[in-house]
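Undergrad: Taken in order, the sequence shown gives residues 17 to 657; the numbers are from the numbering used here.
Using N, Cα and C, we set each Cβ at its ideal position, and we do this for glycine too.
The structure presented is a predicted model; accordingly, all values stated were derived computationally and were not measured.
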Amino acid sequence: MRSLVVDMFFGKKKDRDCIDLLKSGKFREAIECFDSILRINPNFAPVWVLKGIANDAVAWYNEGIVLGNLGRYEEALECFDRALKIDPNDALAWNNKGVALRKLGRYEEALECYDRALKIDPNDAEAWYNKGVALGNLGRHEEALKCFNKALEIDPNFELAKKAKEETEELLKKMIPRLDVKPSTKKPEIKLSQTNFNLDEWHRVRMELKNNNPTPIYNLTLSFPEDVEVRGLKTVNLDPMESKVIDFGLKPKSKGNIPLEITAHFEDGSRSYEERFIVWIEVSSPSKPILPASVESLKERFEFLEFIGSGGFADVYKVRNKDGEISALKIPKAVTKKIRKIFIRELAAWLNLKHPNILKIKDYDTEPYPYIELEYAEMSLEDLDLPLEPEKACSIAFQILDALRYAHSKEIYHRDIKPSNVLFVNGVPKLSDWGLAKLASSSKGVLEFTPLYSAPEFFQQKAYPKSDVFQVGLILYEMLTGLNPFEAETKTEIEQKIRFYNPPKPSEINPKAKPLDDVVMSALEKDVDRRIGVDEAMKKLADYLGFTYSKALSRNEGLRAAYYCGELLMVHLRMRKLAQAYKYASDLVNYAEGNLRNYVIKLCDHIKSCLSSRYIPDEEFETLVEYADFIIHKIRVGFEV
17 MRSLVVDMFF
27 GKKKDRDCID
37 LLKSGKFREA
47 IECFDSILRI
57 NPNFAPVWVL
67 KGIANDAVAW
77 YNEGIVLGNL
87 GRYEEALECF
97 DRALKIDPND
107 ALAWNNKGVA
117 LRKLGRYEEA
127 LECYDRALKI
137 DPNDAEAWYN
147 KGVALGNLGR
157 HEEALKCFNK
167 ALEIDPNFEL
177 AKKAKEETEE
187 LLKKMIPRLD
197 VKPSTKKPEI
207 KLSQTNFNLD
217 EWHRVRMELK
227 NNNPTPIYNL
237 TLSFPEDVEV
247 RGLKTVNLDP
257 MESKVIDFGL
267 KPKSKGNIPL
277 EITAHFEDGS
287 RSYEERFIVW
297 IEVSSPSKPI
307 LPASVESLKE
317 RFEFLEFIGS
327 GGFADVYKVR
337 NKDGEISALK
347 IPKAVTKKIR
357 KIFIRELAAW
367 LNLKHPNILK
377 IKDYDTEPYP
387 YIELEYAEMS
397 LEDLDLPLEP
407 EKACSIAFQI
417 LDALRYAHSK
427 EIYHRDIKPS
437 NVLFVNGVPK
447 LSDWGLAKLA
457 SSSKGVLEFT
467 PLYSAPEFFQ
477 QKAYPKSDVF
487 QVGLILYEML
497 TGLNPFEAET
507 KTEIEQKIRF
517 YNPPKPSEIN
527 PKAKPLDDVV
537 MSALEKDVDR
547 RIGVDEAMKK
557 LADYLGFTYS
567 KALSRNEGLR
577 AAYYCGELLM
587 VHLRMRKLAQ
597 AYKYASDLVN
607 YAEGNLRNYV
617 IKLCDHIKSC
627 LSSRYIPDEE
637 FETLVEYADF
647 IIHKIRVGFE
657 V
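(1) Is the CB-CB distance between LEU496 and PRO522 below 8 Å?
(2) Within the continuous beta strand (DSSP E) that includes ASP381, where are the two ends?
(3) Does the Cβ of ASP645 have 16 or more other Cβ atoms within 10 Å, making it buried, or fewer, making it exposed?
(4) Run the proximity test for PHE164: is its beta-carbon closer than 7 Å to any non-hydrogen atom belonging to the ligand PLP?
(5) How is GLU242 classed by DSSP in three states: helix, strand or coil?
(6) Give the straight-line distance between the Cα atoms of GLU505 and GLU258, rounded to the nearest whole angstrom.
(7) By Cβ distance, which residues of its chain are closer than 7 Å to GLU319, with the 5 residues on each side in sequence left out?
(8) Quick test of your reading: ALA143 and LEU134, contact by CB under 8 Å. State the CB separation rounded to the nearest angstrom.
(9) Hey, quick one: how far does the alpha helix (DSSP H) through GLU91 stretch, first residue to last?
(10) Does the segment 619-631 come close enough to the segment 579-594 that 3 or more CB-CB pairs lie under 8 Å?
(11) To the nearest angstrom, report how far apart VAL657 and LYS530 are at their CA atoms.
(12) In whole angstroms, what is the alpha-carbon distance linking CYS581 and LEU492?
(13) If we count the other Cβ atoms within 10 Å of its Cβ and call it buried at 16 or more, is ALA595 buried or exposed?
(14) From this set, ASP634, ASN606, VAL641, SER436, which residue's C-alpha is nearest GLU394's C-alpha?
(15) Helix, strand or coil for TRP659 per DSSP?
(16) Tell me where the beta strand (DSSP E) around ASP331 begins and ends.
(17) Nearest-angstrom Cα distance between VAL641 and VAL444?
(18) Start and end of the beta strand (DSSP E) containing GLY265?
(19) Please go through the segment 136-160 and give each complete alpha helix (DSSP H) segment of 4 or more residues, from N-terminal end onward.
(20) Out of curiosity, what's the CA-to-CA distance linking SER326 and THR639?
(21) Of the choices LEU604, LEU345, ARG592, TYR598, whose alpha-carbon is the least far from that of GLU636?
(22) Can you tell me whether PHE637 is helix, strand or coil according to DSSP?
(23) In its own chain, which residues sit with a C-beta less than 6 Å from the C-beta of HIS132, not counting the 5 before and 5 after it?
(24) Looking at the secondary structure, which residues open and close the beta strand (DSSP E) in which PRO527 lies?
(25) Count the other CB atoms within 10 Å of the CB of TRP218; is the residue buried (16 or more) or exposed (fewer)?
(26) Which two residues bound the contiguous alpha helix (DSSP H) that contains MET591?
(27) For ILE355, does the three-state DSSP call read helix, strand or coil?
(28) Looking at VAL535 and LEU557, is the spacing between their C-beta atoms short of 8 Å?
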């Protein structure tokens, strides 16, 4: 039908040339051709004028078709939406919007569009075919087959529908032996990497999940009984006969030989299942960690409570110092000349850094056995359940960038920013492990790095201040989507992906992340010269938090508005924008109650006093930031509860 309309409108040679370009698939040339028509006659608005009049639904539809053929599906969706706003009964626009959504992997939304198209035109064979393809993508093959049959009933010569029908019938034949078996046979296998645990201690556990079925398993989630606390569990999809290994945190709450009942919820595309597994674990009281004989002298200064983990050159323990404070103690595994050099390098960088979002060194020594005593952190970014709400991810990223802004001002660059190095002390994110940090004045030596969280230039033994921004962009991507887009099986594959693969925008995986697409993708720019800098990234994140605050106010969401108001107060305080910080502190008074309100009023007075001062010493300013952070932490806790 549309081709008839096209033929009616275009008679001149120039017009026909544009149509020929379009029909031959030369879409960019076609757009340029139509633009040349508009330059001659800006009021010309028939069917295929793609850059023309905003109120022409057909023009928006056609532009969507062109953009879709170019693979620019997000832009195509916007065009189809514009067309449907003008003409909600355009079946072709609904159908092609569904195609764009399917190309983006948004199958359920695509199905809704196909259903709208078929409600308008039940005899649209292409819409029936497209619906069948989307159902097949979801593993609902029996429903898909019905759609392909319907398409062929309308158009017996529809070759794509014929082929899809044959492939689906073949797939269903292979599945028949399993379709009538009881659901219990679809039970996936699970294996824990360990079964011995210490009471009330966090353990990093690996679990292998295996699908022994010829059909995929979707949305596999695991729940655990009250005998244990778990963190970091993710939803998993498993292809037929596929195995996957997941990492998560587990802390036992009961002692003894415990039958751990794990419940699995999953789907196969047409049905949902619930299965239970019993895994026996042995939980005992923690024994004091066994220390190397070489560090016996440290027992006089610290009570060793728990082994936390091991890095490239050092072990970390949870300890109690002479003052009764809990700390983390970092001790070299051996004191060779090389290790001592690394240890001193880390100290040199770290001791020079005092910032609310940098893990604090409490004490250190180099003789007789080197150690660094650090603030004790209850968890790392690795332990959080991802994805996070965009506002929380934004706040964490902003605070890490602020730590980097401060470090960069002292010409110190981190170069090893990854989830395990973002720790939380009383809920405040802190950047840790400055062992690979480099002074700007020191450029010699082989560049060391963690491959999966590397900036592209690291693989060429180059590093820049913006390398840190790439790494923050990557962990922000992971916080928003739950995925590291560069994950691969080998170091070589990881390198190739980081250097050459352009990942999808976060919103293509998590639509809530759309307002942060720009800052994330700008941070992940492979060309250092085009990559966003620390200050600009912080500004974009601050703008987003300001937008969410305004939205919460307009919706009368008091608690949420208080949360955003507190975040914006910290954002502007850290950037030393005291006038804006005072504004948000004053707003915060309206949300706080009791003692917390008194704290906020006192904070307002401090900021007002600073506003009237021409000079604020760094130490005084950091005290103000710490006091504000104390208050905002209470706001955050209240919000999370």
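TA: In short, the structure shows the following:
(1) yes
(2) 377-381
(3) buried
(4) The ligand PLP is absent from the structure shown, which contains no ligands of any kind.
(5) coil
(6) 15 Å
(7) VAL335, ARG336
(8) 5 Å
(9) 89-102
(10) yes
(11) In this prediction, VAL657 has a pLDDT of 30, which is less than 50 and means its spatial position is unreliable; what the coordinates show is noted afterwards. Whole-angstrom Cα-Cα distance: 26 Å.
(12) 21 Å
(13) exposed
(14) SER436
(15) The structure shown has nothing for residue 659, since the chain only spans 17 to 657.
(16) 330-336
(17) 12 Å
(18) 259-268
(19) 141-153
(20) 33 Å
(21) ARG592
(22) helix
(23) Per the sequence shown, residue 132 should be read as Arg rather than His. Only TRP110 meet the Cβ criterion.
(24) Taken as a continuous stretch (DSSP letters only), PRO527 belongs to no beta strand (DSSP E), as it is neither H nor E.
(25) buried
(26) Careful: MET591 lies outside any alpha helix (DSSP H) and carries neither H nor E.
(27) helix
(28) yes
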